[in-house]
Structures are given as C-alpha cells and as structure tokens.
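Each remark here refers to the structure printed beneath this line.
Number of protein chains: 2
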Amino acid sequence: MVDYQRTHTCGALRKNDVGSEIRLSGWVHRRRDHGGLIFIDLRDRYGLTQIVFRPTDHPEFHEKASHLRGEWVISVKGKVIPRAEGMINPSLKTGEIEIEVLEFAILSQAKTPPFSICDENITVNEELRLKYRYLDIRRGDVTKRLLVRHRAMLLTRNYLDKQGFTEITTPILGKSSPEGARDYLIPSRIYPGSFYALPQAPQIFKQLLMISGMDRYFQIATCFRDEDLRADRQPEFTQIDLEMSFGTQETLFPILEGLMIEIFNNCKGIKSTSPFRHMTYHDAMDKYGTDKPDLRFGMEFHDLSDIAEKSTFSIFLDELKRGNKVKGFCVKGGTDISRKMIDEHTLLVKKFGLQGLAWIKLKESGPTSTITKFFEEPLLDSLIKRVGAETGDLIFLASAPDKILCQSLDHLRRHLANKRNLIDPTRFEFLWITDFPLFQWDAESQSLACEHNPFTSPHPDDIHLLDTDPLSARSAAYDLVLNGYEVASGACRIYDSALQDKIFTLLKLTPEEINERFGFFIEALKYGTPPHLGLAFGFDRLMMILTETDNIRDVIAFPKNQQAADLMMSAPSEAQKEQLTELKIHIHDQEETK
Amino acid sequence: MVDYQRTHTCGALRKNDVGSEIRLSGWVHRRRDHGGLIFIDLRDRYGLTQIVFRPTDHPEFHEKASHLRGEWVISVKGKVIPRAEGMINPSLKTGEIEIEVLEFAILSQAKTPPFSICDENITVNEELRLKYRYLDIRRGDVTKRLLVRHRAMLLTRNYLDKQGFTEITTPILGKSSPEGARDYLIPSRIYPGSFYALPQAPQIFKQLLMISGMDRYFQIATCFRDEDLRADRQPEFTQIDLEMSFGTQETLFPILEGLMIEIFNNCKGIKSTSPFRHMTYHDAMDKYGTDKPDLRFGMEFHDLSDIAEKSTFSIFLDELKRGNKVKGFCVKGGTDISRKMIDEHTLLVKKFGLQGLAWIKLKESGPTSTITKFFEEPLLDSLIKRVGAETGDLIFLASAPDKILCQSLDHLRRHLANKRNLIDPTRFEFLWITDFPLFQWDAESQSLACEHNPFTSPHPDDIHLLDTDPLSARSAAYDLVLNGYEVASGACRIYDSALQDKIFTLLKLTPEEINERFGFFIEALKYGTPPHLGLAFGFDRLMMILTETDNIRDVIAFPKNQQAADLMMSAPSEAQKEQLTELKIHIHDQEETK
C-alpha cells in the first residue's frame, strides 16, 4: 500500500523546517522543466510547495515526474532544502524552501480539466463552472468563500449559545401553507394524494417553540421557495433564524448587533460599534425613498414642496395640487454632469414612472437651469440652502405620486453614487429600520392586507389606531439593513388572543378562513403564549457581502442555476415509472401523449 | 405597554438575592391558596420560583391572582424575601426564597391543556403528546433532551473545526439515485415531468468535496428515506457526516474517538479513553454472532466443533457433517435457570431458526444435562474448560448453519444479559468493527453484490483476492459500535480508477449501467481524486443513548409518528388543485373516480 499520510500541508513549510524529512500529498499545480530539473508546484487548499526532481538523485523518479500533468495527485517524501539565492519567491508563504525528493508515488491521474485550475486570471463560463463544480471549487475562489461561510456559521452558533439561545432543528417535511410564496411539494407514498411541503421558513415552528417555553431558539435553517429566480435567489437558501421570549427590541437588538460585530470582525477585520443607527420606515422613505438605504454616501432627499408652492413652475404646481410632494437632493460637485448625462439620468427615472427630472447647476457664474426662471431669487436661495448646496454642486428636483417619486429618486441616488465613485467599499453601515406600517391597502380586494404577517404585533403606541385609522398604524416589525441590502427582518409577535382576533377581524377573515389558513397554530396560541419576538438573517446575502460578490452561487457549495437546475447532477431528472406508480401520481404530458 | 422584561429567570434567585427588587415572567405552574395567602409557583425552563400574594399588601393583585389558572403567563415585579422557617424547600434551587409582589400583570391566559403540564408522574398517550407537541415540550422531558442535542451539536462543530474540518451544507433538492432506499421525490414546476429527490445521505457530495480539494469536510446533515418506519426510524433523520483526504483509519479513528469522548464527557460526565477497542468483523461474528456486540457483559461464544466431533451426540455430529459449527457459551451462576426458563429460551432461538438448545448445568453434585452422556469425562472437562465454566454455571450449546447460529445465540446472549441484569447502564463501551466483507453473494441474480457501496475500497491486503476469491476479500469499511448499537459507519473510498473499473467488472456492470447508475460522479473521479475516507454518525441514535430513551421521537423537536405523519400540523395534507395543475401532475385516485 502506498504511504500518502502527509506530515505537513502544502502551505506549512518554512525556512526553519530546512533539513526536516517530510511527506506532502496534493495536486500537481504546475510542472516546469528547467535545464534537466523538473519543478512541481504541489498544491492543496492550504498552499503551494515547490518539489524538485533532479535527474542525478533518483533517475527513476525524475523519469516518472516527466510524465506528470496538471491535477494528477501525488505523494512525495522528501527533505526540506533552502531555495537557491535569487530563486526565493516572496509572494509564496513557502517561497524560501523547496523539497528534494526521497520517495515519490502517483496516487491518481487526471483527465485534462474543462478549464484551467491553476490560472487565476481566466474567466470561465458559469454554466461550465457549475457543471464541473468540484473543479470550480478546486480553483480556490469558491473554497475561500466556503471557508468564510463555515467560520461565520460557527461564530454564529457559539455567539448565540453564549447568549442563551438553543439551536433546534425543525422539520423539512412540513405542511403546505397558503400564505407566502409557492411551496415545493412532496407526494406521500403512505397517504396517496397527500403532500408534504418544504418549509419557506421555520416561522411557525419558532413561535411554537416559544409557546413550548424554549425561551431562546435559533437555527441556521435551510428554506425553500419555488419562485422564478432572480440573480440573487436560490430555490434553497439559508437563514439564521431566531426567536426569544419575554424580550423587547431594546433587549434583542444589542444581541443581534453583537452577532454582526463578531462575524464582521472575525471574518473580515471590520470593527463596527454598537448601538447601530436606527431610522423609522417613515424617515427612510422620506430621506432615501427606500426602506433599505445605503448610508455610505449622502444625497438625502429634502421635501421642497413649501418652496415649490411659491414658484411659478406649473409642472410642480400641478403635482402639488394633486397632493404630491416636490423633492430634491444635492449632488456635490455635480456641475460636471453634462446635459447628455442628465438626459441619461432622466431616462433611468422614466423607467420608474417619473415624467421628468428638473435640475439646477450652481456654477461659479450663478445657478443655471431651465427652471430657475420660475423661482424668485430669495426662493431659489432658500431652496439651495434647504438641500445644502454650494457653488459647484447640482440639485435634482422632481415631483410625482409618492411611490414613483421614492423609487425613481432612490434609483437615481444609487446610480449617481456608483457613477461618481461615492461608495467606500471598506465601509459597513448597519442600520435598523423600525416602525413599518402594519397594513397596506389591497386595491384588488378593497381591504386591508398585512405588510408582514398577521401575527406581527402592532406598535404598542398605535393600538388605538386599529379602530380609527388602521392604515396609519405602525407595526412592531423591523429590518436590519447593511449598505443598501436588507440583511435581516423580524418582528414582535402578537401574544394576546384578543388582539389577534382584532387583527383577523380587520383583515376580514372569518373563523373558517382563519382555521383553514392558520389552523393548529391559532389553537397553539391559546395555551399560554409568552410575549416573543425574533428575526431571520438572510445568511447567503450576508455571505455575499462578506466575501464581496454579487453572485449568490459563489457562496453556496453546490448551487442551482437561475432555472433551478443542478447542472452537475442533472437535477431535476425523470423519475422511474415504478416510483410514480408507488406514489400514485401521473404526469400530465405523459397522459396527454398516451 | 406592559413591562415583562424580566431581571432574572425563574431558576436564578438565591438566598443572597434577598432584599433585591426583581421582575420575573413565566407560566403559572401551580396555584395554592393557603389561609388567605395565594402561592404561585412561577415556571420557565430554568426553574420555579414561589410568588406570594398577601390580601393585605395589594388587595387588587390578590384578587386578580385568585383567578390565575395553570399555564397562564404572568409577569411579577417584586421583592425577594426569605421563606419562613419550615417553609424552605431544599429540593428546589430557589427553595430558600419567595417573592413579595409589588406589581403584577397577566400577559396571556391559557385554555386547560389536554394533559397536565405540571404533573411529572403521569403517562400521556404518545399520539396526544405529538398532536400538542408544543405543550409536550413545555412539560420538560423533551426540553432537557433538546438542550443536550444542542450541546452535542455545538461540541461536534467546535471539535471538528479544531481538527481542521470545514462544515459545508450540501443540497436538499438533489437527484434521485437508483441505489439504496426509496427516495422522496419533489416534482419540478419549471421542468414538468422531472423531479428532485431529497438526499438519503450526502455521500456523493462529500466525495465530490474531497475531489474539490476541501481536504476535511463535515456536516450535521438532515437525510431522508421513504421507508416503512421501525420504532427507531424517522423519515427525516440527522447524521454527523464527515470525510477527509490523505488520511487512513489510523489517522481518522483517533479524531472520531476524541469527538465521542468530548460529547460523552461534556453531556453526560462519562470519561472514556482513547484508543477504543478494535475487533474485526470476523471476530465479532465468531465471538458474539453480531457485528455490533455489546461489550458491557461477557458470554462470548466458543467454537466447540473439535470437541463435539469426538462426542457421540448425533445431532451435533450431523451438523458438523453439513459443515456447520458447534458453539457454546457460559452463563455465570446459571444453574439457577430452571427447565421452564430454558424452554422459554429455546422458543426464543427457534424464532431465528435454531432447532434446539443444548445445555449443561455445573451443579455442586456434578454436571447435569441430557447430553452429558454423549461426552466422555475428559472430553466434557475440556468443553467446560474451553468455555471457562465453573461450578454454579450453565453452558448453552448449539449448532446450525452459520447465519442461524449467529442470530440465535446473539439474541439469546442479549436476552440473558437483560434477564439477569448483567448490563451496567453507566458503562459506555465503544468498539470499532473493521474488515467487513467487500462483497456478498446475491442468490437472486447469481452474482456479487456490494456489502457497502461500489466506491468502498477493498482492504489493501486483499486486492489480490479480487481475481481469485472475491467473496473472501475484506473491505476497508468500518463501524463504530456502542453498547450494542451501530452509532457510525464509514469506509475508505476507491480513488484509483483502474481499481474502480475492476470492482465494476466484478459486479458485472456494463459501461451503460455504470453511467446510468453513477453518472457524473464517475466522471468526477477521473479529474484527480485524492485518497479519502470518511464516516457518518447516526446522530439521533447517539442522542437516544445519551439521553437514555428507546424512542427516537423523544430526541427530535417535531417528529413524525410511525406512519410518517406530523400529527400536530396534519402533514402530509391535500394540495390545492392549482398547485397540482402548476406541477402538471395528477393523482391516480382522483383520475380513477372521475
């Protein structure tokens, strides 16, 4: 039997190991033949070590080494020797030494890979990378991300354990729920015609665990949604899911902030401080047009309605009459934005329904704009002052129904930040968004609908509004936002059955509907439910931010593509007839072509 | 808003907290009215604290408290006071103090539970416990097990991390494999007629991760099998799955032993020492008739064929002529076993095909038996000596084809150990079983079949037997056994494609069959596969042993019953028509009744 039991990894040996007899095993990263010598860069995930085969020492090894090709797996027993002067490679941790071969074995050969493993600078088609994911991981980039992911999972578990949270695994074979996104179904063989469903989240289980008295629960949970995939979605994804009893936002938030600080410090050397900033949903929409503002750059919006009202600019005046606002923001140094670029920005916001974009350039020579003529000078001055503009800056102004205005200006603001390199990629700006609306108006059914879910507690100060003005009632839901991404979302839950009944009444649900839609869970709430609240982190998203990629597939070992297929395994795939017979199901197309 | 933010849990307060103002929140465990005073045992998962309501102090609280019922959730602000002399409860950690109420709020009421939460000594029907699992957990027994489970998972993760293993989550939406048990299938909406399958184990993924160069992988993985359930099976179950590259059994076993020692020491205070005992499969079958012997008691079997051959006992002589063995073992002090009990034991082994059970009692007056007459005295002496029997002992003897003999004597040995209280429940005897057979003979197809899987490496010393006597070849597979249970199973894998081809040839698989059954994985093995080996622990089984229960459902938060149903959620359940339409599947019965 070949001995391949290494004494060191390929990243371990240093100058002070010179003279040691060692054994390394790994992959042939590169072979170089130089004046009779054969150099092998031997690789494992820990590093590279240079192996030297001299024709004189062991001619048989030298001969065998001459056949080595990339990705063959070999084991080498050898002596650590210093590299010759001038041959030292300071960019390699093992760059001061090399290995003189004493014994040598080929463990396994390798076909030529479909893409280079050793060349870092090539771009490989993603479909090909996914098909040969095992080779893609071997290239190193995904490996590094998987190591960060492992580290972050372990940190999370240890941190939450120290905070008194218990990790509890909840079922994957669950029950289909008519709420939310589309479920993946699993036909039951024992109960033909019945189905399990994969969980979209452990929401009901975590609330049940609070009813169980588990007090503080968490889980790094796999969740499933059968949705058409966007770039940053996967059919199966991961959440850090947690819930606590007898707590409030004031006790929960510091715990969660500590978790983020721990992960970002340990995995990325980013020092954040607690407490994180807080902003109400209302303020976020007002100042940034979004409930997940990126705080790494400025350009906050300002309500200019009162100023515009005194102008003679009929477009704004008309919008104001319709009850819409005029908003504007200042682009520092924005006088360099050309008319052509402004036109491009106008096209951008048009996609979101904004009809036009007004602008004022504060040049050395004075304000330039097509609209300044509608503003008397003192009015213009107060406008400039309101948005905090100075000479050299540009002001964008717009008016539209609230939703259009928010969306358009949010996109414009982020677009400008990217274009003008205003984003410091080394900054990590956490932000709590609180006080989300409890309800939204569903125009189709002409009734209230939940913004979050029907178990979310109203804001304690707004319970009186449930009777008078429910659409104005705030909820006790909150999000954690990081650099413009929602990284976590949660809420205080209703624990009082009278309040729960009131919410159902407002949602115009009959007892039958309540039972059908929420069934046993409503029953469970009646046996002594403690106040509880919780939250779920989108763990894949966090990993994307942490490892600086926009591609969710980069942070998952074996992802699906955007058509929910596993290109490596060829899944999904056809089932065997016997399997379907046992499950007592037919497939339509088969039926129809019979 | 009611303040329910506790300062302490219900298990925290001690005598030296006397005088402090505190707030507790929890469930009403019991209410006792005593001479005008109302005592509430307030409970959370950390303990019980006694609350006293005096009619004089706050009459309104006293009045409200008189309405409290079991499982209502309340919050109490109060002062810690010492209990009166004679009222101290030494069995309660908080038994020296009680709480004088300053403020008091009812947070939520509770319906009368379907079974008592506070009475520990009642037995509740398991179906009812599963239906109201959230209340069952609240009773405490399951809670304690879930806390041990959490502790064991965390210890596992930290331990394996320290050993250089990376936790990597592998897909739940996988591909159906014709090998092994029955798969759960998931119809794909995007690819009608195609199905994902839930993984029975991450076997292929972990081998791919070794091919990827991840070096050391682990995962606490949820696995799925659609099998008819035995008492200790669940449709979804948990494995500690791991794999390492460039290692051998000599490097892997100590790592795994360290993990077991860590878990059993931390969760149970059991000190085990490494290395664990080793036994070959051959020796285990020979001495114990099973590949998972319980070593907490003796009664090893002895081959008595050579002695029986010299006897005149025709039953044994006939069996020996058929090539079968005669085996026997000694029951210490077994002369107290009555003829009636021997008859019962004979009935027991009959279930496993053994026709009869011979016995010899070594009484003070000399050996008694119906068969001693067939053995001359020196022969009997050597038999007695062989099995290690002394005066007062009983010897059981039997002969049959190997499989029957092993099964029968194994069951008899364990039955006797139970009956005679030979098992020390505080002992934890780990044992490695190695050198399993590589193949078994499949009588139906008249060909070799794998004992483990076709990727399991032959024992390095037996590779020559592949050509000459493959059924005698041992594999490099191994099990970890604990107190008669298989707790882990693993193997060294084949990494050499020539050897892999040879195994496939022996299994009479054509290239087409290989491709269909193992597909892309065989391709993956060709791109530079390192030597690798691994193992999977049955985590639920481990938790059962650790928390001393025979019921797998006791160690899972929300288990299925033995008909694979979740009685709490009523899963599986009917799907909505629209869901099936989208998935393009019909259900047979619906079809047939149309």
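Heads up: the protein sequence lines correspond to chains A and B, in order. Each residue of the first sequence is one higher than the one before, starting from 1 at the first, in the numbering used here. Each residue of the second sequence is one higher than the one before, starting from 1001 at the first, in the numbering used here. Note that CB positions come from ideal geometry on N, CA and C, so glycine has one too.
Subject >> Residues within the region 527-549 of chain A neighbouring chain B, beta-carbon criterion of under 7 Å >> reply: Tyr527, Gly528, Thr529, Pro530, Pro531
Subject >> Terminal residues of the beta strand (DSSP E) in which Ser399(A) lies >> reply: Taking the first residue of the first sequence as position 1, residue 399(A) is located at position 399. That run of the beta strand (DSSP E) goes 394-400.
**OP:** Assign Ser116(A) to one of three DSSP states: helix, strand, or coil.
**Re:** The sequence position of residue 116(A) within the first sequence is 116, counting from 1. If DSSP states are grouped into helix, strand and coil, Ser116(A) belongs with coil.
Subject >> Start-to-end residues for the beta strand (DSSP E) that takes in Asp442(A) >> reply: On the first sequence, position 442 is the one that residue 442(A) refers to. Residues 439-442.
Original post:
CA-CA distance, Lys1093(B) and Arg1014(B)?
Top reply: Here residue 1093(B) is taken as the residue at index 93 of the second sequence, counted from 1. Here residue 1014(B) is taken as the residue at index 14 of the second sequence, counted from 1. One C-alpha to the other measures close to 7 Å.
Subject >> Glu236(A) burial status per 10 Å Cβ neighbour count (16 or more: buried) >> reply: The sequence position of residue 236(A) within the first sequence is 236, counting from 1. It is buried - the Cβ of Glu236(A) has at least 16 other Cβ atoms within 10 Å.
Original post:
In angstroms, rounded to a whole number, what distance separates the CA positions of Ile22(A) and Pro1458(B)?
Top reply: As a first step, residue 22(A) must be located in the first sequence, where it is residue number 22. As a first step, residue 1458(B) must be located in the second sequence, where it is residue number 458. If I take the Cα positions, the gap works out to 28 Å.
Subject >> Chain-ordered neighbours of Arg1045(B) on chain A, where CB pairs are closer than 7 Å >> reply: Indexing the second sequence from 1 puts residue 1045(B) at position 45. What Arg1045(B) touches in chain A: Gly213, Met214, Asp215.
Subject >> Span separating the alpha-carbon of Gly323(A) from that of Thr549(A) >> reply: As a working mapping, residue 323(A) is identified with position 323 in the first sequence. As a working mapping, residue 549(A) is identified with position 549 in the first sequence. Cα-Cα distance, rounded: 42 Å.
**OP:** Can you tell me which of the three DSSP states Val1387(B) falls into?
**Re:** If you number the second sequence from 1, residue 1387(B) lands on position 387. Note: Val1387(B) maps to helix in three-state DSSP.
Subject >> Supposed contact pair Tyr1159(B) and Leu1042(B) - C-beta distance, whole angstroms, cut 8 Å >> reply: Along the second sequence, one-based indexing puts residue 1042(B) at 42. Along the second sequence, one-based indexing puts residue 1159(B) at 159. Rounded, the Cβ-Cβ distance is 38 Å, inconsistent with contact.
Subject >> Residues in the region 1474-1497 of chain B having any Cβ partner in chain A nearer than 8 Å >> reply: Tyr1495, Asp1496, Ser1497
Original post:
Does the beta carbon of Thr593(A) sit closer than 8 Å to a beta carbon anywhere in chain B?
Top reply: For the purposes of this step, residue 593(A) is taken as the residue at position 593 of the first sequence. With a pLDDT of 42 at Thr593(A), under the threshold of 50, the modelled position of this residue cannot be trusted; read the value that follows with caution. Answer no: the Cβ-Cβ gap between Thr593(A) and chain B never drops below 8 Å.
Original post:
If you drop the 5 nearest sequence neighbours on each side, which residues of the same chain put their C-beta closer than 7 Å to that of Ile1307(B)?
Top reply: By 1-based counting over the second sequence, the position of residue 1307(B) is 307. Leu1379, Ser1382, Leu1383, Arg1386.
**OP:** Say whether chain B places a C-beta atom closer than 8 Å to the C-beta of Arg138(A).
**Re:** In the first sequence, counting from the first residue as 1, residue 138(A) sits at position 138. Interface residue, yes.
Subject >> Beta carbon proximity, Pro1192(B) to chain A, threshold 8 Å >> reply: As a position in the second sequence, residue 1192(B) is number 192, starting the count at 1. Yes, Pro1192(B) lies at the interface with chain A (some Cβ there is under 8 Å from its Cβ).
Subject >> For Leu357(A), three-class secondary structure by DSSP >> reply: Taking the first residue of the first sequence as 1, we reach residue 357(A) at position 357. Of the three classes helix, strand and coil, the one that applies to Leu357(A) here is coil, per DSSP.
Subject >> Residue span of the alpha helix (DSSP H) that contains His1282(B), given as start and end >> reply: For the purposes of this step, residue 1282(B) is taken as the residue at position 282 of the second sequence. Element bounds for His1282(B): 1281-1288.
**OP:** Please look up how many angstroms separate the CB atoms of Ile1552(B) and Asp1232(B), rounded, as I've assumed it's under 8 Å.
**Re:** Along the second sequence, one-based indexing puts residue 1552(B) at 552. Along the second sequence, one-based indexing puts residue 1232(B) at 232. Indeed they touch by this definition, with Cβ atoms about 5 Å apart.
Original post:
Nearest-angstrom Cα distance between Gly1026(B) and Thr1049(B)?
Top reply: Working through the second sequence from its first residue, we reach residue 1026(B) at position 26. Working through the second sequence from its first residue, we reach residue 1049(B) at position 49. Their backbone Cα atoms lie some 10 Å apart in a straight line.
Original post:
What does Val1481(B) pair with, by DSSP beta-bridge criteria?
Top reply: As a first step, residue 1481(B) is located in the second sequence; it is residue number 481 there, counting from the start. Val1481(B) is bridged to Leu1431(B), Glu1486(B).
Subject >> Start and end residues, alpha helix (DSSP H) containing Glu1153(B) >> reply: Translated into the one-based positions of the second sequence, residue 1153(B) becomes position 153. The question names Glu, but residue 1153(B) is Met in the sequence shown. Where Met1153(B) is concerned, the enclosing alpha helix (DSSP H) stretches over 1141-1162.
Subject >> Residue-chain proximity (Val148(A), chain B), Cβ-Cβ < 8 Å >> reply: Numbered from 1 along the first sequence, position 148 holds the residue referred to as residue 148(A). For Val148(A), the answer is no, since every Cβ of chain B falls outside 8 Å of its Cβ.
Original post:
Tell me which same chain residues have a C-beta within less than 7 Å of the C-beta of Glu1167(B), skipping the five on either side of it?
Top reply: Indexing the second sequence from 1 puts residue 1167(B) at position 167. Contacts found: Arg1157, Phe1218, Gln1219.
**OP:** Evaluate Lys1340(B) with the Cβ neighbour count: other Cβ atoms within 10 Å of its Cβ, from every protein chain shown; 16 or more gives buried, anything less gives exposed.
**Re:** For the purposes of this step, residue 1340(B) is taken as the residue at position 340 of the second sequence. With fewer than 16 other Cβ atoms within 10 Å, it is exposed.
Subject >> Pairwise C-alpha distance: Asp1044(B) and Leu542(A) >> reply: On the first sequence, residue 542(A) is found 542 positions in, with the first residue counted as 1. On the second sequence, residue 1044(B) is found 44 positions in, with the first residue counted as 1. The straight-line gap from Cα to Cα measures roughly 34 Å.
Subject >> Inter-stretch contact at 8 Å, needing at least 3 Cβ pairs: the region 1473-1493 of chain B / the region 1244-1257 of chain B >> reply: yes
**OP:** Would you kindly work out how many angstroms separate the C-alpha atoms of Lys287(A) and Phe301(A), rounded to a whole number?
**Re:** Mapped onto the first sequence, residue 287(A) falls at position 287. Mapped onto the first sequence, residue 301(A) falls at position 301. When rounded, the distance between both Cα atoms is 5 Å.
Original post:
Is it right to say Lys1594(B) is buried, meaning 16 or more other beta carbons lie within 10 angstroms of its own, or is it exposed?
Top reply: Within the second sequence, residue 1594(B) is the residue found at index 594, counting from 1. The predicted model places Lys1594(B) with a pLDDT of 39, which falls under 50 and marks its position as unreliable; any figure quoted below should be read in that light. Lys1594(B) should be labelled exposed.
Subject >> Beta-carbon gap between Trp1432(B) and Leu1471(B) smaller than 8 Å >> reply: Position 432 of the second sequence holds residue 1432(B). Position 471 of the second sequence holds residue 1471(B). Their beta carbons are not under 8 Å apart, which means Trp1432(B) does not touch Leu1471(B) by this criterion.
**OP:** Compare the beta carbon distance of His1058(B) and Ile1038(B) with 8 Å and say whether it is the shorter of the two.
**Re:** The residue given as residue 1058(B) occupies position 58 in the second sequence. The residue given as residue 1038(B) occupies position 38 in the second sequence. No; because the gap between Cβ atoms is not below 8 Å, this pair is not in contact.
Original post:
Looking only at its own chain, which residues have a Cβ that is under 8 Å from the Cβ of Tyr281(A), when we skip the five neighbours before and after it?
Top reply: Stepping through the first sequence from its first residue, residue 281(A) is reached at position 281. Cβ neighbours of Tyr281(A) beyond the five flanking positions: Asp291, Ile433, Thr434, Asp435, Phe436, Pro437, Arg474.
**OP:** Kindly indicate which three-state DSSP category Glu451(A) falls into: helix, strand or coil?
**Re:** As a working mapping, residue 451(A) is identified with position 451 in the first sequence. The answer is coil: DSSP assigns Glu451(A) none of H, G, I, E or B.
Subject >> 6 Å CB neighbourhood of Arg1189(B) in its chain, flanking five on each side removed >> reply: Stepping through the second sequence from its first residue, residue 1189(B) is reached at position 189. Glu1582, Leu1583.
Original post:
Quick one, are the C-beta atoms of Ile1186(B) and Pro192(A) less than 8 Å apart?
Top reply: One-based indexing of the second sequence puts residue 1186(B) at position 186. One-based indexing of the first sequence puts residue 192(A) at position 192. Not closer than 8 Å, so no.
**OP:** Flag this pair as touching only if the region 441-450 of chain A and the region 507-520 of chain A have three or more C-beta atom pairs under 8 Å; answer yes or no.
**Re:** yes
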